[in-house]
Each structure stands twice: as structure tokens, then as C-alpha cells.
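J.: A single structure is presented below for examination.
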Amino acid sequence: MSYDAFDEGISLGGMRTKNEIRTLICYMFTAVGKPMSKELVVNALLKKGLTNYFEASSCFDDLISNGNLKLDENSDKLYVPTVNGKIISEQLEDTLPLTAKERAFECALLLLEKERIERENKVTTEKADNGYYVTCEVSGGDMDLMKLKMYMPDSNQAKSVKRNFYKNPQLVYEIMVATITRNKELIRQALEDLDNMA
């Protein structure tokens with residue numbers, strides 16, 4: 000088999016041909032079953048070392064221009080497979096290594112969950128005189144459950160707060176409620192959950 004994809008940065012078991020990459024992208028869409036952005040799909044493939052940025056981006060664009068992917072009717076940046084894209088996935092899915100399919104699927108789901116968390120819960124950072132104010136908001140659907148504003152002395156600590164908040168905003172909320180209500184059982188459970196995250 001001749002390889003026609005640039006393979007810099009691809010891990011063992013990664014995709015070495017453009018057809019494999021295009022098939023894997025179609026497979027991801029049908030397996031996940033949700034609209035996804037180009038950025039999310041490319042990042043999922045990169046994160047697992049299945050291809051490099053240039054090849055993933057190029058193959059994604061090929062699928063759009065060949066009519067295998069189209070914009071979702073409710074979005075200007077989320078894509079869905081066309082009938083042809085689904086056929087490609089169904090007919091060629093067995094040509095892909097199982098581990099590559101599993102890695103791509105798992106990573107796509109994790110990135111979709113990360114996007115959902117960041118969409119539903121917000122962190123804003125604003126410059127202060129001698130540091131930064133970081134505001135973390137936990138959403139409960141159509142209402143805010145918590146808004147917490149903290150001062151951080153430098154941008155590294157502000158970024159760390161943002162990163163850690165997005166890891167589990169619900170746990171941050173539970174810890175705050177447990178502390179303010181002095182609910183020792185809830186505090187104990189929240190601390191166990193925090194230990195399990197590490």
C-alpha cells in the first residue's frame with residue numbers, strides 16, 4: 000500500500016492515506032451522531048495522533064467539496080454527514096483499524112462534552128490594577144446557579160482557575176454550597192469527588 004498523506008506527528012496506528020482519513024472523519028460523524036465543527040473533528044484526530052493538522056484539515060475540506068459533509072441547517076459552523084457521507088462510513092468502516100475508530104470516537108465525545116460545559120458555564124477574566132478578576136458562572140439551564148468573582152495576582156493563576164473550573168463546574172458549585180451551608184456530609188462527598196479527579 001502506498002501512503003499519500005504527510006505523516007509527521009502521526010502515532011503508531013494512525014492514518015497514512017487520505018482515503019483512510021476521509022473515511023475516519025465520515026465514521027466519526029455517523030458514530031457520534033451529532034453535528035460537529037471542523038475544529039472539533041481536526042482536534043480529536045490530532046489529540047489521538049491519528050493524523051496531522053494539514054492532512055485532517057485538507058481531508059475535511061475535501062469531504063465538504065465532494066458533497067459528503069454539509070453545514071447543519073441550524074448552524075454556520077457545525078457540519079453533518081450527507082447521505083453520501085453516511086454511505087462512505089457504512090461501506091468503508093471495516094477498512095479502518097478498530098483502535099483508530101475507538102480513539103477518534105472517544106476523543107470526539109470528550110471534546111463535545113468540553114464544548115457543552117464551556118457553552119453552559121462561563122469564565123471571564125478582566126484585568127485589574129494589580130492582577131486579574133476571574134468570574135466563574137455555573138448555569139442551571141435557563142438560570143444562573145452561581146456567580147463567583149475572585150482576584151488573582153497574575154495571568155497564570157487566572158488561567159489556572161479557568162482551566163480547573165472547566166474541568167468540573169458542578170463540583171465547584173457543590174463545594175461552595177456545602178461550605179456556605181456548613182453541610183459536613185456534602186463537604187465530605189465533594190472532597191472525595193475532588194480526590195477522584197486527581
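Residue 128 in numbering that gives the first Met the number 0 sits at position 129 of the sequence shown; the count goes up by one each step and never skips. Built from N, CA and C at the ideal position, the CB exists for glycine as well.
Across which residues does DSSP place G130 in a beta bridge pair?
T.: Locating residue 130 in the sequence shown gives position 131, counting from the first residue. A127.
J.: Suppose you measure from the CA of Q199 to the CA of C25; what does that come to, to the nearest Å?
T.: With the chain represented from 0 up to 197, any question about residue 199 goes unanswered, as that position is not in the structure.
J.: Please report the distance separating the alpha-carbon of I20 from that of L110.
T.: For this step, residue 20 is matched to residue 21 along the sequence shown. For this step, residue 110 is matched to residue 111 along the sequence shown. If I take the Cα positions, the gap works out to 19 Å.
J.: Within its chain, find whatever has a CB closer than 8 Å to the CB of Y165; leave out the 5 residues flanking it on each side and keep chain order.
T.: Within the sequence shown, numbered from 1, the residue matching residue 165 stands at position 166. Cβ within range, chain order: K113, I116, E117, N120 and V122.
J.: Measure the CB-CB distance between L70 and G84 and report whether it falls below 8 Å.
T.: Walking along the sequence shown from the start, residue 70 turns up at place 71. Walking along the sequence shown from the start, residue 84 turns up at place 85. No, they are not a contact pair.
J.: Would you mind listing the alpha helix (DSSP H) stretches within the stretch 138–175 that are 4+ residues and don't spill past its ends, in chain order?
T.: 154–166
J.: Near D3, which residues of its chain fall below 7 Å by C-beta distance, leaving aside the five closest residues on each side in sequence?
T.: Here residue 3 corresponds to residue number 4 of the sequence shown, with the count starting at 1. Its pLDDT being 49, under 50, D3 is placed unreliably by the model, and the measurement read from it follows with that caveat. Contacts found: T16 and K17.
J.: Measure the CB-CB distance between L185 and A103 and report whether it falls below 8 Å.
T.: Taking the first residue of the sequence shown as 1, we reach residue 185 at position 186. Taking the first residue of the sequence shown as 1, we reach residue 103 at position 104. In this structure, A103 does not lie closer than 8 Å to L185 by Cβ.
J.: Does the contact criterion of 3 or more C-beta pairs under 8 Å hold for the stretch 126–140 versus the stretch 51–67?
T.: no
J.: Can you give me the start and stop residues for the beta strand (DSSP E) that K69 sits inside?
T.: Numbered from 1 along the sequence shown, position 70 holds the residue referred to as residue 69. In the DSSP assignment, K69 falls within the unbroken beta strand (DSSP E) covering L68 to L70.
J.: Between the beta-carbon of S36 and the beta-carbon of L77, is there less than 8 Å?
T.: As a working note, residue 36 is residue 37 in the sequence shown. As a working note, residue 77 is residue 78 in the sequence shown. With contacts defined by Cβ atoms closer than 8 Å, S36 and L77 form a contacting pair.
J.: Considering only the alpha carbon of each residue, which of D194, I86, E72 and G32 lies closest to N167?
T.: Position 168 of the sequence shown, counted from the first residue, corresponds to residue 167. Ranking the options by Cα distance to N167, first place goes to D194.
J.: In whole angstroms, give me the CA-to-CA distance for G32 and L44.
T.: Position 33 of the sequence shown holds residue 32. Position 45 of the sequence shown holds residue 44. Cα to Cα, the separation comes out at about 17 Å.
J.: Put M27 into one of helix, strand or coil per three-state DSSP.
T.: Position 28 of the sequence shown, counted from the start, is the residue given in the question as residue 27. M27 carries a helical assignment under DSSP once its states are collapsed to helix, strand and coil.
J.: Between which residues of its own chain and L39 is the CB-CB distance below 6 Å, once the five residues before and five after are set aside?
T.: For this step, residue 39 is matched to residue 40 along the sequence shown. Within the same chain, L39 has close Cβ partners L110.
J.: My output table needs one value for L95: the three-state DSSP class, helix, strand or coil.
T.: Counting from 1 along the sequence shown, the entry for residue 95 is found at position 96. The answer is coil: DSSP assigns L95 none of H, G, I, E or B.
J.: To the nearest whole angstrom, what separates the beta carbons of F59 and V41, a pair I think is in contact under 8 Å?
T.: By 1-based counting over the sequence shown, the position of residue 59 is 60. By 1-based counting over the sequence shown, the position of residue 41 is 42. The Cβ separation is near 6 Å, so the contact holds.
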